[in-house]
Amino acid sequence: MKKMFLVFLAIVLMMYFYPLSILPLLILAQEWGEFREEWMKSALFIGASIPLYGAKIFLGISGWAKILGISTLSVSPFIRWAVYLLFTTLQTLAIYYIYCVSKSIGKYGRTGGLAMLIAVPLHLLSLKLYFILTWIGLILFLLSLKKKNEVME
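For the record, in the sequence shown the residue sitting at position 13 is 13 according to the UniProt record's numbering, with numbers rising by one throughout.
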């Protein structure tokens, strides 16, 4: 149950309060020794992308710029796209290691991990699609984890 909550928390924080997602990932690395390396690598890529997340806010690429009322910086489109694409690449790598865990917990988990992995680059096309796929992926991941835990008990 603790693992399910930590996975849920990590993915929800990735969607809404990105920098905070590193904490449940680090706890998962301690709690779930079987996948310690995958959770640590995911946390590493989240950590590496946090400065770019901040840059996205100040460049007005993130929705947080509007919510926080931050005046965005005026820079060339090349810089905006470079920040956005580099951030998206690091976020995709973080999700890739979650996908590696999902492959080991069952069919639903694998499908859920793949949905989350596909969702990140699709963020460039549609924010709605990103959220829909990520929530579907998270639900499938959690269902598979619950099913695996029931089998093991």
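For each residue, glycine too, the CB sits at the ideal point set by N, CA and C.
Using DSSP with H/G/I as helix, E/B as strand and the rest coil, what is residue i?
i, result
"residue 17", "coil"
"residue 137", "helix"
"residue 73", "coil"
"residue 104", "coil"
"residue 64", "helix"
"residue 81", "helix"
"residue 144", "helix"
"residue 25", "helix"
"residue 125", "coil"
Buried or exposed: where does residue i fall if 16 or more other Cβ atoms within 10 Å of its Cβ makes it buried?
i, result
"residue 21", "buried"
"residue 30", "exposed"
"residue 98", "buried"
"residue 159", "This structure does not reach residue 159, given that the chain is present from 1 up to 153, and the question cannot be answered."
"residue 38", "buried"
"residue 127", "exposed"
"residue 87", "buried"
"residue 129", "exposed"
"residue 109", "buried"
Quick test of your reading: residue i and residue j, contact by CB under 8 angstroms. State the CB separation rounded to the nearest angstrom.
i, j, result
"residue 113", "residue 141", "6 angstroms"
"residue 133", "residue 7", "With 8 angstroms as the limit, residue 133 and residue 7 do not qualify as a contact, their Cβ atoms being about 16 angstroms apart."
"residue 77", "residue 53", "Not really, about 19 angstroms apart at Cβ, beyond 8 angstroms."
Open item on the list: Is it the case that the segment 101-117 contacts the segment 129-146, given that we only count it when at least three CB pairs across the two stretches are under 8 angstroms?
Closed with: yes
Taking contact to mean 3 or more Cβ pairs, one atom from each stretch, closer than 8 angstroms, check whether the segment 59-79 and the segment 103-112 are in contact.
no
Quiz item: Three or more C-beta pairs closer than 8 angstroms, one from the segment 41-54 and one from the segment 89-99: is that the case here?
Solution: yes
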